[in-house]
Amino acid sequence: MRATFNVMFFVQKGKCKADGTAPILARLTVNQEKIHFSTKQSIDPLRWDTKRYRTLGVTKAEKNINGMLDELQASIQRHFFDLQASGEVITASKIKMLLFSTDEKVNMSIGKLFDLFIDDYEKLVVTQDYGHESFFRYKVCKDRVMAFVNKEYKTSDLPLNDISKRFLDKLYLYLRSERKLNNNTAVKFMYRFSTVFKMARDNGWVNGDPFKLQKLHLDKVDRSYLNQQELETVMHKEFDTVRLEQIRDVFVFCCFTGLPYIDAQKLNESHLKTWADGSQWLTLHRQKTKVPVNVKLLPIALDILDKYKDTVEDRGGRLLPVPTNQKCNEYLKEIATLCGIKKEVTFHGLRHSFATRCIESKCDYKTVSVLLGHSNISTTLNLYVHPNMEQKKKCVEQMFKTLR
């Protein structure tokens, strides 16, 4: 279908200035979508020809206004034909954005907003060693959103004002159906997009927030963790390949220190401290939360560090042979299969295993939260506390005794 297109000018008589002149507005219509904007010109309403949509053109000033309106109309038509020739979906708001390309608010698009946000975020990553993993996720978020725009609207970019609740709902469905993401992963993409959009709101580039109209929720996930027996099975399993043995060692090390992937990967000599009593500790700040963490190294963890100390220089000073997060999780699935563990074992799950061991050892929740490097104890309580069957049994028996 060919787009219907029309441009006209009119005088806004209800907005007359003190000198009796009224502003001249432009009305751009594309496929019944109408947009009004100022031409930054004004005229005495009595000097306006309502049939020609121009001034009477008698005086020199009137002729200049008509010439400016002719140029403006020609410019609008050029943008329309350029979009038509490129095969992109044509909207009135997109033509207006192109027309006022020097106006930051009008010119701001989804792609440009992402670029600005990512550029600012990258400066924090470089100068302050800030959230490398989050930085990568925002880049992936941009790729997914722009792929959706290209597929759904047949264009490489869209004005920010085109983001509506309907746009967001269609994006969520695209992530679920086309990208095959589960609900929680898709919702987290939408949350990141909302964070980027906040930059536009804070700078006054948009009015309103369509994200507030969208009602999304995260499904409760039963996070798997290894119990004592399963952990011992992994620890004592002999593997035929070096790569599985190394990943097992890294996994066990983190199970006894509570370190997440990114902190384990960056671990170096500067993080090792010897206290006055001769014990060795890990002292660092969490990469994600910047919260300080001090963890005493148990004999198992010390043995693992000692095992790989001769190859530290080969890894650029990193204490442990930690590959990419994707490879870690891929190898852990293989390890779980070989050990006969019928659970989804992930690298992040080791933090749940660590938290569970601490709680089973009668550690209070506040201490567990500090050891995990959480900035809020509610994160520990809501996500990392997994009472085992024995604890549940004791709780019910205690309740029965109390009722008696």
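Residue numbers (this note's numbering): 2 to 405. Cβ coordinates follow ideal geometry from the N, Cα and C atoms, glycine included. Computed from a prediction, not measured in an experiment: that's the story for all the values here.
Tell me which same chain residues have a C-beta within less than 7 Å of the C-beta of T103, skipping the five on either side of it?
At T103 the pLDDT is 48, less than 50, meaning the model places this residue with poor confidence and gives no usable figure here.
Backbone secondary structure at A62 - three-state DSSP:
helix
Let me check understanding here. Comparing Cα to Cα, which of L268, S280, H218, I44 lies closest to G318?
L268
Compute the beta-carbon to beta-carbon distance between H249 and F240, rounded to the nearest angstrom, for a pair I have assumed lies under 8 Å.
According to the sequence shown, residue 249 is Arg rather than His. Right, their Cβ atoms sit about 7 Å apart.
Whole angstroms are fine: how far does the CA of Q327 sit from the CA of V294?
Going by the C-alpha atoms only, they are around 25 Å apart.
Based on the DSSP secondary-structure assignment, which residues constitute the bridge partners of M9?
R28
When you compare each of S94, Y122, R180 to V197 by their alpha carbons, which one comes out closest?
Y122
With DSSP as the reference, label P261 as helix, strand or coil.
coil
Helix, strand or coil for K41? Go by DSSP, reduced to three states.
strand
Hey, how far is the Cα of F115 from the Cα of I164?
I164 has its alpha-carbon roughly 14 Å from the corresponding atom of F115.
Given a threshold of 16 other Cβ atoms within 10 Å of its Cβ, counted over all protein chains shown, does K152 qualify as buried or as exposed?
exposed
Q42 and I77 closer than 8 Å at C-beta:
no
From the DSSP secondary-structure annotation, give me the bridge partner or partners of I36.
L29
Evaluate the contact criterion for the segment 336-345 versus the segment 270-285: three or more CB pairs, one atom per stretch, below 8 Å.
no
Would you kindly check if the distance between the Cβ of L299 and the Cβ of Y309 is under 8 Å?
no
Span of the beta strand (DSSP E) around K297:
293-297
Pull up the CB-CB distance for V146 and I111, whole angstroms please, since I reckon it's below 8 Å.
7 Å
For the structure I just gave you, are there three or more beta carbon pairs, one from the segment 168-186 and one from the segment 197-206, closer than 8 Å?
no
Classify P160 as helix, strand or coil using the three-state DSSP reduction.
Strand at P160.
H286, enclosing beta strand (DSSP E) - first and last residue
281-286
With distance defined between alpha-carbon atoms, name the residue in L159, K113, P160, T156 nearest to K140.
K113
Taking the alpha-carbon positions, what's the G21 to K14 distance?
10 Å
Could you have a look at R180 and say whether DSSP puts it in helix, strand or coil?
Assigned with DSSP and collapsed to three states, R180 falls in coil, not helix or strand.
C-beta contact flag for K97 and L84 at 8 Å:
no
Taking the beta strand (DSSP E) that K274 belongs to, which residues open and close that run?
Boundaries of the beta strand (DSSP E) harbouring K274: 273-275, taken from the DSSP string.
Give the straight-line distance between the Cα atoms of D264 and E179, rounded to the nearest whole angstrom.
Rounded to whole angstroms, the gap between the alpha carbons of D264 and E179 is 33 Å.
Please confirm whether Y154 and V251 have their CB atoms less than 8 Å apart.
no
When you compare the CB positions of A23 and V8, do they come within less than 8 Å of one another, or not?
no
For M109, which residues of its own chain have a beta-carbon under 6 Å away from its beta-carbon, when the five flanking residues on both sides are left out?
L161, W206
Pull up the DSSP beta-bridge partners for W206, would you.
In the DSSP output, where bridge partners are listed per residue, W206 has none listed.
Nonlocal neighbours in the same chain, by C-beta distance under 6 Å from V188, ignoring five residues either side
L217, L219
C-alpha gap between V346 and V323, whole angstroms
About 17 Å.
Same chain, Cβ closer than 6 Å to K274, five either side skipped, listed in chain order:
W282, T284
For K18, collect the residues of the same chain with a Cβ closer than 7 Å to its Cβ; drop the 5 residues on either side in sequence, then sort them by chain order.
S43
Applying the criterion that 16 or more other CB atoms from any shown protein chain within 10 Å of the CB defines a buried residue, is F101 buried or exposed?
exposed
Taking all protein chains shown into account, decide if K297 is buried (16 or more other Cβ within 10 angstroms of its Cβ) or exposed.
exposed
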